[in-house]
Amino acid sequence: MEKFMNWMGDVVAPKMEALTANAWLSAMQKAIIKTLPMVLVGSLITIYNVIKNFIPSLPVLTSLRDYTFGLISLFMVFLIPYYVLELKKNHKMKHIAGFTGIALFMILVNPEITDAGYVYQFSSFGAGGMFVAIVAGLFTAFIMNLYSKFTFFKGDSVVPDFVKEWFDSMLPIATVVLIGWLFVIQLGFDLYTAIVNLFTPLNAIAQSLPGMILLYLLPTILYSMGISGWVFQPILNPIVLVAITANAEAVANGLSATQPFTNEATYAWLSLGGRGATLPLSIMLLFAASKKLKALGKASIVPSVLNINEPIVFGCIAWNPILMIPLWITAIVLPLITYLAQVSGLVAIPVEVFNMWYCPVFISSWLVNHSISGLILTAVNLAVAALIFFPFFKIYDRQQLKLEAEEENGTVV
Numbered sequence: 049m050e051k052f053m054n055w056m057g058d059v060v061a062p063k064m065e066a067l068t069a070n071a072w073l074s075a076m077q078k079a080i081i082k083t084l085p086m087v088l089v090g091s092l093i094t095i096y097n098v099i100k101n102f103i104p105s106l107p108v109l110t111s112l113r114d115y116t117f118g119l120i121s122l123f124m125v126f127l128i129p130y131y132v133l134e135l136k137k138n139h140k141m142k143h144i145a146g147f148t149g150i151a152l153f154m155i156l157v158n159p160e161i162t163d164a165g166y167v168y169q170f171s172s173f174g175a176g177g178m179f180v181a182i183v184a185g186l187f188t189a190f191i192m193n194l195y196s197k198f199t200f201f202k203g204d205s206v207v208p209d210f211v212k213e214w215f216d217s218m219l220p221i222a223t224v225v226l227i228g229w230l231f232v233i234q235l236g237f238d239l240y241t242a243i244v245n246l247f248t249p250l251n252a253i254a255q256s257l258p259g260m261i262l263l264y265l266l267p268t269i270l271y272s273m274g275i276s277g278w279v280f281q282p283i284l285n286p287i288v289l290v291a292i293t294a295n296a297e298a299v300a301n302g303l304s305a306t307q308p309f310t311n312e313a314t315y316a317w318l319s320l321g322g323r324g325a326t327l328p329l330s331i332m333l334l335f336a337a338s339k340k341l342k343a344l345g346k347a348s349i350v351p352s353v354l355n356i357n358e359p360i361v362f363g364c365i366a367w368n369p370i371l372m373i374p375l376w377i378t379a380i381v382l383p384l385i386t387y388l389a390q391v392s393g394l395v396a397i398p399v400e401v402f403n404m405w406y407c408p409v410f411i412s413s414w415l416v417n418h419s420i421s422g423l424i425l426t427a428v429n430l431a432v433a434a435l436i437f438f439p440f441f442k443i444y445d446r447q448q449l450k451l452e453a454e455e456e457n458g459t460v461v
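The sequence shown begins at 49 in my numbering and counts up one residue at a time.
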């Protein structure tokens with residue numbers, strides 16, 4: 049273990065830090081982190097709604113979540129081009145880049161055009177629109193950077209700088225909006241539908257070992273980029289509903305359940321603390337040397353116990369290669385263990401519908417199949433996730449501790 053940790057620190061960490069320093073990746077990470085207060089408010093409302101399920105007389109506060117976390121795509125599409133241009137020292141256009149990103153996003157979400165005007169789906173502004181927001185933000189930043197040295201004016205022009213900026217911004221703005229208009233309004237291209245259609249063929253392999261790994265890994269990869277797993281629900285919901293129904297019917301007819309990839313298996317053994325099994329990481333953060341990470345651990349531990357991991361994902365994982373990698377590894381290894389445990393008969397395949405995703409770890413696994421073997425599988429998966437996250441957590445903790453020391457000494461702006 050000591051040799052492994054030294055190798056991680058001496059070989060892996062420098063490469064990861066260099067990757068993190070990339071302007072485009074760094075901009076994505078900064079944008080995600082900047083939205084964290086909105087994510088935390090949304091998470092609090094989710095916890096409140098869990099309590100309201102047991103106390104129906106409590107007032108409905110869902111709108112507070114809708115207008116905080118529910119607008120995260122709008123926040124992101126402004127922040128991404130803003131931070132890309134800031135990191136590339138193109139300060140004069142960074143604000144207008146953010147505004148242009150919003151303009152392109154409003155085109156790309158493909159509103160319905162009616163006699164009453166443009167009709168938008170509110171869900172497009174939240175986690176459901178994150179993929180579109182990231183595409184719009186990065187594309188806007190790319191076009192704005194192409195025009196970074198363009199100007200209508202000569203160097204000795206007496207025109208005030210703010211007037212120059214107005215006119216110099218017009219061409220890149222027009223380019224971005226015109227391209228969006230051409231593809232969406234004129235050619236009828238629907239980005240969201242295109243992404244869903246791209247992954248639809250996965251239905252055919254869903255209940256195989258590669259299928260289970262792939263269908264858990266892909267949403268996890270997107271989640272590590274700040275894109276909610278919600279965007280995969282049109283694909284996953286039919287798969288898991290058909291699977292749990294088939295299992296129930298098989299048992300009712302005296303046969304054995306054969307479909308291992310279900311929502312129930314995901315809640316009990318895979319998403320321990322949230323997608324990617326981040327509960328062990330939340331606990332590690334509580335003991336971090338970095339003040340920032342320790343504070344994040346305190347803020348995220350209660351939501352994590354209820355399998356709400358937006359605070360920890362948006363707080364330190366999204367677009368951070370050091371922690372994205374263990375999240376992906378976990379999303380491969382845990383489905384592998386869980387699949388083999390089920391098809392080998394060591395753990396009974398779920399046969400009853402269970403949608404209480406907010407039940408804490410171990411409680412959910414007991415309710416899913418009422419067996420000691422199910423609890424053991426949960427413990428094994430938790431331990432494996434902890435082992436995967438630990439070395440990467442140590443690297444990131446040291447990195448953040450170093451940054452905090454530099455900030456205190458005034459060597460980092």
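Ideal Cβ positions, reconstructed from N, Cα and C, are used throughout, including at glycine.
- Closest in alpha carbon position to TYR130, among GLY322, PHE102, ILE191, is ILE191.
- As a beta-bridge residue in DSSP terms, GLY165 pairs with THR162.
- Taking a contact to require three or more Cβ pairs closer than 8 angstroms, the region 76-88 and the region 116-130 qualify as touching.
- Under the three-state reduction of DSSP, LYS137 is assigned to coil, being neither helix nor strand.
- At a Cβ-Cβ threshold of 8 angstroms, LEU329 and PHE437 count as neighbours.
- DSSP places ALA325 outside both helix and strand once states are collapsed to three, so it counts as coil.
- Going by beta carbons, TRP405 and TYR271 fall outside the 8 angstroms limit.
- A straight-line Cα-Cα distance of about 5 angstroms links PHE173 and SER121.
- In the DSSP assignment, ASP445 falls within the unbroken alpha helix (DSSP H) covering 420-456.
- Closest by C-alpha distance to TYR444, out of PHE410, GLY422, ILE144, PHE335, is PHE335.
- Per the C-alpha coordinates, the member of ALA434, PHE215, LEU425 positioned closest to PHE410 is LEU425.
- For SER172, the secondary structure class from DSSP, reduced to helix, strand or coil, is helix.
- DSSP, reduced to helix, strand and coil, places LEU388 within a helical segment of the structure shown.
- Straight through space, the alpha carbons of PHE237 and LEU230 are spaced by roughly 9 angstroms.
- Shortest Cα-Cα distance from VAL98 to any of PRO369, VAL353, ALA433, LYS450 involves VAL353.
- Restricting attention to ALA254, ALA337, GLY176, ASN357, the CA atom closest to the CA of ALA453 is found in ALA337.
- DSSP places GLY274 in no alpha helix (DSSP H); its state is neither H nor E.
- In this structure, the CA atom of VAL428 is about 30 angstroms from the CA atom of LEU92.
- Beyond the five residues adjoining it in sequence on each side, PRO351 comes within less than 6 angstroms, by CB distance, of SER91, PRO359 in the same chain, given in chain order.
- Counting the other Cβ atoms within 10 Å of the Cβ of ALA175 gives 16 or more, which makes it buried.
- Counted as a single uninterrupted DSSP element, the alpha helix (DSSP H) harbouring MET86 occupies residues 84-102.
- When rounded, the separation of the alpha-carbon atoms in PRO286 and PRO408 is 25 angstroms.
- ALA431 is the residue among ALA431, PHE402, HIS418, GLN77 whose C-alpha sits nearest the C-alpha of THR326.
- Note that the C-beta distance between THR268 and ALA291 is not below 8 angstroms.
- PHE147 is not a Cβ neighbour of VAL125, given a cutoff of 8 angstroms.
- With respect to the C-alpha of ASN355, the residue from ALA366, ILE370, LEU341, GLY324 having the closest C-alpha is GLY324.
- The beta carbon of ILE253 sits closer than 6 angstroms to the beta carbons of GLY259 from its chain, once the five residues preceding and following it are set aside; these are given in chain order.
- Looking at the backbone, the Cα of GLY393 and that of ILE155 are separated by about 51 angstroms.
- Within its own chain, the residues whose Cβ lies closer than 7 angstroms to the Cβ of SER217, once the five positions on either side in sequence are excluded, are MET141, ILE144, listed in chain order.
- With respect to the 8 angstroms criterion, ILE128 and ALA79 are classified as neighbours on the basis of their beta carbons.
- For a cut-off of 8 angstroms, the C-beta gap from ALA396 to GLY274 is around 36 angstroms, too long to register as a contact.
- Secondary structure note for ILE155: its alpha helix (DSSP H) is the uninterrupted segment 142-156.
- Taken atom to atom, the span from the alpha-carbon of PRO308 to that of LEU257 is near 9 angstroms.
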